[in-house]
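For reference, the structure discussed in these notes is given below.
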Amino acid sequence: ALRRYVERGGSLLVMIDPRAKTDLYPSLAEWGVEVGEDVVVDLVGGMVGTPTTPFAKDFGPHPITDALRGFTIFQFARSVKPLAAAGGAFQSLVRTGTDSWAETDLERLEAKGEVGFDPEDGAGPVTLAVAGTVSLGGGDDPAEEAPQARIVVVGDADFASNQLLGAYVNRDFFVNSVNWLLGDVESISIRPKTGVASRLQLTTENFLNLRYASLFVLPEAIAVLGVIAWWRRRRAPGR
């Protein structure tokens with residue numbers, strides 16, 4: 009049913025989690041999208057959550073992402089990337105940073121909860137979403153141009169869940185994708201934000217320095233100043 013729909017020029021949004029039990033993989037490969045048998049690991053995400061919660065702000069040039077400023081956040085996502093398939097023309101929408109990779113040892117991850125970069129893993133940046141058009145089928149008239157289907161493939165469904173939709177620019181990314189699939193380019197925009205807490209983006213080194221200072225340097229400094237104050241009061245005249 010999906011294949012017939014796409015061949016008639018239908019638009020398709022695919023949000024496919026790691027190890028999803030579906031028969032979409034051959035069709036996606038034929039249309040021009042390779043879905044990795046992996047889980048994207050992000051060391052930056054591991055500092056504020058878990059390593060399998062990747063942050064991404066490297067947006068490719070596309071109407072969906074041209075106006076986006078900020079981060080998207082995903083949860084237990086897989087890699088996707090364009091293929092040089094006949095009739096397909098896909099490009100990357102969003103990629104993770106350099107402190108990430110596509111973890112292929114899923115048995116170790118599920119059994120022990122451990123991750124580690126191996127030579128067979130895909131080094132970052134890792135593409136998490138692609139968009140493009142596919143020309144398949146056609147009318148009875150050979151001279152008639154085949155209809156083009158618009159397709160967006162994201163290696164995660166959780167980014168659009170109630171839990172994460174309001175985080176960072178996830179809502180804009182999701183709604184812009186739907187509008188582009190519908191051909192409603194005019195509605196692609198950045199929507200007004202409700203009041204949210206300010207966030208400070210730190211590098212790995214800055215985060216470790218801040219944690220060290222808050223756990224060790226600052227408490228010891230307060231203790232030393234307290235002893236000095238007590239000693240000076242004790243030594244003051246009239247005591």
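Under my numbering, the residues of the sequence shown are numbered 9 to 247, in order.
Beta carbons are placed, not taken as given, at the ideal position from N, Cα and C, and that holds for glycine.
Task: Cβ distance (whole Å) where F215 is taken to contact D164 below 8 Å - done: Not a contact, Cβ separation roughly 24 Å.
Open item on the list: Restricting to Cα atoms, I'd like to know which of E194, D129 and V235 is closest to V49.
Closed with: Of E194, D129 and V235, the residue nearest in Cα terms is D129.
- [ ] Please say whether I159 and G21 have beta carbons closer to each other than 9 Å?
- [x] One point to set straight first is that residue 21 is Leu, not Gly, in the sequence displayed. Judged by beta-carbon spacing, I159 lies within the 9 Å limit of L21, meaning their Cβ atoms are closer than that value.
TODO: Please report the Cβ distance between S19 and A157, rounded to the nearest whole angstrom; I am assuming they are in contact, meaning their Cβ atoms lie under 8 Å.
DONE: Your pair S19 and A157 checks out as a contact, with CB atoms roughly 6 Å apart and the cut at 8 Å.
Task: Spatially closest choice to D46 from R27, P59, L190 and S35, by CA coordinates - done: The option with the nearest alpha carbon to D46 is R27.
Open item on the list: Assuming V225 and V142 are in contact, meaning their beta carbons sit under 8 Å apart, how far apart are those beta carbons, in whole angstroms?
Closed with: Rounded, the Cβ-Cβ distance is 57 Å, inconsistent with contact.
Open item on the list: Just to check my reading of the structure: A134 and A110 have Cβ atoms closer than 8 Å, yes? What is that Cβ distance to the nearest angstrom?
Closed with: The question names Ala, but residue 134 in the sequence shown is Val. Contact flag correct, Cβ pair sits at about 5 Å.
Task: Straight-line gap, Q99 to D25 (C-alpha atoms, nearest Å) - done: Near 20 Å, if we compare the C-alpha coordinates of D25 and Q99.
Open item on the list: Can you tell me whether T112 is helix, strand or coil according to DSSP?
Closed with: Of the three classes helix, strand and coil, the one that applies to T112 here is coil, per DSSP.
Task: The alpha helix (DSSP H) enclosing R86, as first and last residue numbers - done: Segment: none, R86 is in no alpha helix (DSSP H) and carries neither H nor E.
Open item on the list: For T212, tell me which candidate among R11, D31, F181 and V52 has the shortest Cα-Cα distance.
Closed with: Among R11, D31, F181 and V52, the Cα nearest to that of T212 belongs to V52.
Task: Three-state secondary structure (DSSP) of G191 - done: In the structure shown, the three-state DSSP call for G191 is coil.
Open item on the list: Tell me which residues share the same chain as L189 and place their Cβ nearer than 7 Å to its Cβ, disregarding the 5 neighbours each side in the sequence.
Closed with: Only S19, L21, R158 and V160 meet the Cβ criterion.
Open item on the list: Assuming contact is defined by CB atoms lying nearer than 9 Å, are L172 and I81 in contact in what I supplied?
Closed with: Yes, these two residues count as a Cβ contact at 9 Å.
- [ ] May I have the straight-line CA-CA distance separating R12 from R116, to the nearest angstrom?
- [x] Each residue's Cα considered, the two are about 39 Å apart.
Task: Spatial neighbours of L210 in its chain, beta-carbon cut-off 6 Å, leaving aside the 5 residues before and after - done: No residues qualify anywhere along the chain.
- [ ] Check each candidate in T61, G105, A9 and G40 and name the one with the smallest Cα separation from A175.
- [x] Checking every option, the nearest Cα to that of A175 belongs to T61.
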